[in-house]
Amino acid sequence: MKEQIQEILEEARNSIPSCGSDKDLEELRIKYLGKKSSLSDLLSKIGTVPKEERPQMGALLNTVKNEIAQLIEQKKSVLQEKEDSARAQGLDVTMPGRPLPIGAKHPLYQIWEEIEDIFINLGFEVAEGPEIESEYYNFDALNTPSWHPARNPQDTFYLKGGMLLRTQTSPMQIRVMEKFKPPIKIISTGRCYRVDKVDPSHLPVFHQVEALMVDEGITMSDLKGALDSFVKRIFSADTHSRFRPHFFPFTEPSAEIDILCISCNGEGCKLCKNSGWLEMGGAGMVDPAVLEEVGYDPEKYTGYAFGLGIERIAMLRYGISDIRKLITNDLRILSQFQ
Amino acid sequence: MKISYNWLKELVPTQMEINEFCAKLTMFGLEVEEVIQPGKELEHIVIGKVISVEQHPNADKLSLCRVDVGEEEPLSIICGAPNVVKDILVPVAKIGAKLGDFKIKKVMLRGVESFGMICSESELGISDDHSGIMIIGQNFEPGAPFADAMGMNDHIIEVEVTPNRPDLLGMIGVAREVAVMLDTDYTPSEITFEESDVKTESEISVIIEDAEKCPRYCARMIKGITVQPSPAWMQRKLIASGLRPINNIVDTTNYVLLEYGHPLHAFDYAKIKDNTIVVRTAKDKEKMMLLDDNELTLHSDNLLIADKKHPLALAGIMGGLDSSINDTTKDVVIECAYFDPRNIRASALEYGLQTESSYRFERGMDPNGLVEVIDRAAQLMQLTGGGEILSGIVDCYPYQITPKILPLRVSRTNSILNANMSADEVEKYLNNFEFSTKKTTQDSFEVTIPTFRPDIEREIDIIEELARCYGYNNVESHFWINRIDNKQKRTVVRLAKNHLISLGFFEVNNMSFASTDDLDTLKIPNDDYRRNLVELANPMGEQFSIMRSTLIPDLLRNAGLNLSYKFENFKLFELNRIYLKEGEDAYAEPTYLTGVIVGEFEPFYWKEKRGVTSFYDVKGVVESVFSKVHCMKNITFKLSHQPYYKKDSAADIFLEDKKIGSCGIMKDEILHSFDIEASVMMFDINMSNIIPLYNEKEIHFEEIVKYPPVLRDIAVIAPSQIEVETIEQSIKSVDPNIIQDIQLFDLYTGKQVKQGCRSLAFNITFQSKTSTLTDKYVDKLFDNIVSKLSREHQIELRQE
Ligand SMILES: [Zn+2]
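From first to last, the protein sequence lines are chains Z and A.
In terms of my numbering, the first sequence opens at residue 280 and continues consecutively.
In terms of my numbering, the second sequence opens at residue 42 and continues consecutively.
Structure below.
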């Protein structure tokens, strides 16, 4: 029996330190110290040992049992330590990765680019022009009568010396038509200026996109088609437009454009002030006088033009109700447009 | 389709120079792929007559020939061919002739001199026959240039015939098209012959069993014909068109195929059982041996030409071996038929038999042109082989295929082409195409489309023909793209913006108004360009009295605002116009890109130390923007003295010699005026100078250099006032072709470096585009660099 006990101890001394995990260690514990272990077995057979050897044998069994228990305890703490240090140095996939920066384009310019791209896909060219304009291009060539209130300094910014800040991007249309023969199919985009107090719906500096198409056989259907193609792409396929008669000096017939309210789909809501429609801009067939002014034959050529405010489109798209938010440059706003 | 220009000129009167003609043909829709001049290679090759043939004294297999080449003395030529005999005509390559790369010279063969060479067809490039010398069957004067005699002084025009135009697969069709193109007439050869008293129908009868697959079948007969070589003119044209002459009967069917584009077949009458031709579909598993010794097992979709017992030909594709013409043939039956294109296509595909015949039938032949074609064949067979042509044609045509009649509107034509053709003009063009016309109103015609044009099915098809006559290049171009479009600016602006955004910048948008106070705050001097102010007559207030001449104040205000919202490290930019007065009513509106980096450049990261932001961060941003828009190569940086930057902390940016902006660290006192307590770096660039340089098309792929680069490090001690750029230029100048790249990788100043100096280390890439660099060579360059730096700048190699 003594030999058997020694054998068990030797085996335990070998196997316990080389064990690699808590689970294996637990198995070893059951093997050596459990109720069905060989040591328990030997203990139950102690009665078979000659009486005089019994106490000695019992003490040996106890010593061995204790030693094995101690080995297991030691091993347990070694394993625990290992695990702790692995936790500390090892991968914590929830820690932040290298923060690579992402900025954002200003929402107004995001929409501007989107508008340009839509028109480019529809076959328009993009023309830019000067913001500092002459009265001729901004008013005269666009058939604006001398009595028209838009010419007043209460409405238009004038520079010392007589030039003005364009009130619309239309002067570029004149510049393009002066230079090129039909067909003309352009948008002109950019900053425009009107004397307006800064309030939730007005800024003295704003952005416009104007489309112009002139060729033989251009009809009001082409105008409606181009406009509908645009509003459906910038808002949604359900959006469509309606025209209300209006007056603009450089188009005839002239119309104001409404689109079906993108918030309530015509049902009536706060955004559309319960009208079901949102005002978007102006449109019309180019006035023959404008065509004549640039040397086109108004009998041969017809054309359409429409103008839209980019701020207005951006506000509708993003649900911004105060136009001033577009010039505050507050990162708490800008970072929403990443 | 190969067109002999000589042959074409017989049909259409034109003397047009070949290149001009081909250019015109291509523009008319017959695309010329290649023009070959077969006679060009055959200079110094003449017809020779063999006067005598003797055994070579020293060689069994060589003959000693005397050949008359039209000169005073016959030439003495040694020939190894087995078929050389007395009195034949042969092609002789005289001394000086070139056969491919081989130049004919006087040679000594086994002790006997030879003064030229008698050629085989393969040596002349006519065919691949090299079994013996070429024997010329026709009669020519000795000494006649071979290329002339063979009709090879010609231009063979290879044109691409589109699959919708089967009518262009023959010379007559091409001539018709060319006549329209040249607005002239074409004249096919006249077809006349005598017929015998015997009627064709009494000798042969035709039964069409499947009229859908064979709507029309014509047969003619010639009795007592002699099978012999065809005449020279016919052989010449066949050769010119790439066909080998065989005998007068086969050659005639081929010739008429070339001429009319319509396939014919000739049967040996003696081999047609019961004198009856039956056009029928094959029985299932019926077997047939073709001319090419190929046995087919047929089925009921295959159309056969047969006699009462056996198949004679696979209709429209290939003749049978049994019924073919041979030297003993006396009586010939000529077949000229119209087969359903779909059936021919299916059978040809099924058996992999693409023949000249099937190629044409599957594109659609003219069912109403058969009589002319078969008469032409009969005429030529008799001309080349005698015999008598029996009277009449056996013509089975159960269901007449009639020409289509289509309406055409002149106004519609003009509106599609944006042309202004008159009704008369339109009618003339149509008649040139042999489309007959009946005017129905002022504006419209009824146009009868001949059956040789199966491609014309609708009004729009006719309009296409008229467009070709009108000339595609005469149609006015309504061009409007790229006249006005600001694509270049748009591209550069978007590239720059997107790039900055990916570096963490946020774009801002400020109104264009400003006040002169801002310029004073920035300490901008009175003679600065930004003092050329655009002043408003009716401003909305004193702080809005001018149009801004710089974007800097607005950006600093934006920075201050966001700092007040407790943002610490952030980056902003604006890309917009500034406004400058340039004179009386003259203004400039250049576009500027201005940005600020507030606080730390790198976002906070738990792994790394903070507080390493420096001038080189903002410079890096600027450099990367310039690289993105392709103009970095012309950019240089020089120390800046702008009043709003910290001393020795900023650079002015130059595009070549022009100052286009600056970047650097802002002065604290300026920042304080904008309520900013953080550190701010700024860049300010005039983009209007950059935009015109951008050209996306300037990127051209360069072949990767296949020789490996050699990398060497150099560490030097340089006087501090020498700029790195100067050192790099100095290194590069040692061998600009080999030194490809120089990268600074270490800078050190301190105890180990002597006073007034700094230690710099560069990584240099050496690479040759033409060879592998040896260590020895690179060592030499490296030594040159060291001595150059020492000589020019007192820069020493660092001693380890
Ligand atoms: Zn609504």
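Beta carbons: idealized from backbone N, C-alpha and C, even for Gly.
None of the values given here were measured: they were computed from a predicted structure.
- With contacts defined as CB atoms closer than 9 Å, Ile88 of chain A and Pro183 of chain A qualify as a contacting pair.
- Close CB contacts of Glu630 of chain A within its chain, under the 7 Å cut and outside five residues either way in sequence, are with Arg618, Tyr620 (chain order).
- Boundaries cannot be given for Trp647 of chain A, as no beta strand (DSSP E) includes it and DSSP labels it neither H nor E.
- A heavy atom of ligand 1 is found nearer than 8 Å to the CB of Ser542 of chain Z.
- According to DSSP, residue pairing for Leu344 of chain A in a beta bridge involves A:Thr322.
- By the criterion of at least three beta-carbon pairs nearer than 8 Å, the segment 550-564 of chain Z is in contact with the segment 574-590 of chain Z.
- When the beta-carbon positions are compared, Ser714 of chain A and Thr557 of chain A stay at least 9 Å from each other.
- Around Pro204 of chain A, the same chain offers Arg404 as residues with beta carbons nearer than 7 Å, after the five sequence neighbours per side are excluded.
- The straight-line gap separating the alpha-carbon atoms of Lys503 of chain Z and Ser520 of chain Z is approximately 8 Å.
- Look at Ala578 of chain A here: in three-state DSSP terms it is coil, with no helix or strand label.
- With fewer than 16 other CB atoms across the displayed protein chains lying within 10 angstroms of its CB, Tyr606 of chain A is exposed.
- The beta carbon of Gly598 of chain Z sits no closer than 8 Å to any heavy atom of ligand 1.
- For Cys704 of chain A, the pairing in a beta bridge is given by DSSP as A:Ala692, A:Phe724.
- As DSSP reads the structure, Gln487 of chain Z sits in a beta bridge with Z:Gly469, Z:Gly588.
- His486 of chain Z sits buried, since 16 or more C-beta atoms from the chains shown fall within 10 Å of its C-beta.
- In this structure Leu613 of chain A touches Phe546 of chain A by the C-beta definition: roughly 6 Å separates them, less than 8 Å.
- In chain order, Pro483, Arg603 place their CB closer than 8 Å to the CB of Val477 of chain Z, counting only its own chain and leaving out the 5 sequence neighbours on each side.
- Between Ile706 of chain A and Tyr686 of chain A, the C-beta spacing is below 9 Å.
- Taking 4 residues as the shortest admissible run, the segment 527-577 of chain Z contains the following complete alpha helix (DSSP H) segments, listed from N- to C-terminal end: 567-572.
- At least one heavy atom of ligand 1 falls within 8 Å of the beta-carbon of Glu546 of chain Z.
- For the segment 295-328 of chain Z, the continuous alpha helix (DSSP H) assignments of 4+ residues that do not extend past its boundaries occur at 301-312, 317-323, in sequence order.
- In chain order, Phe656, Gly705, Ile706 place their CB closer than 7 Å to the CB of Ser690 of chain A, counting only its own chain and leaving out the 5 sequence neighbours on each side.
- Within the segment 404-420 of chain Z, Glu404, Val405, Ala406, Glu407, Pro409, Glu410, Ile411 place their CB atoms closer than 7 Å to a CB of chain A, listed in sequence order.
- Chain Z places no beta carbon closer than 9 Å to that of Arg651 of chain A, leaving this residue out of the contacts.
- For His525 of chain Z, the secondary structure class from DSSP, reduced to helix, strand or coil, is strand.
- By the criterion of a C-beta distance shorter than 7 Å, Ser432 of chain A is surrounded in its chain by Glu236, Ser237, Asp238, Val239, Lys240, Thr241, once the five residues flanking it on both sides are discounted.
- With a cut-off of 8 Å, the C-beta of Leu595 of chain Z is classified as distant from ligand 1, since no heavy atom of the ligand falls inside that distance.
- For the segment 790-829 of chain A, the continuous beta strand (DSSP E) assignments of 3+ residues that do not extend past its boundaries occur at 798-807, in sequence order.
- In the three-state reduction of the DSSP assignment, Thr67 of chain A falls in the helix class.
- When A:Lys669, A:Lys528, A:Glu576 are compared, the shortest CA-CA separation from Ile399 of chain Z is found for A:Lys528.
- The continuous beta strand (DSSP E) containing Val435 of chain A extends over residues 435-437.
- Take Thr225 of chain A, set aside five residues on each side of it, and the residues of its chain with a beta-carbon closer than 8 Å to its own are Val53, Pro54, Thr55, in chain order.
- For Arg107 of chain A, the enclosing beta strand (DSSP E) begins and ends at 104-109.
- DSSP places Tyr392 of chain A in the uninterrupted alpha helix (DSSP H) bounded by 382-392.
- Checking the 8 Å criterion, the Cβ of Asn431 of chain Z is out of range of every heavy atom belonging to ligand 1.
- By the neighbour-count criterion, in which a residue is buried when 16 or more other Cβ atoms sit within 10 angstroms of its Cβ, Pro409 of chain Z is buried.
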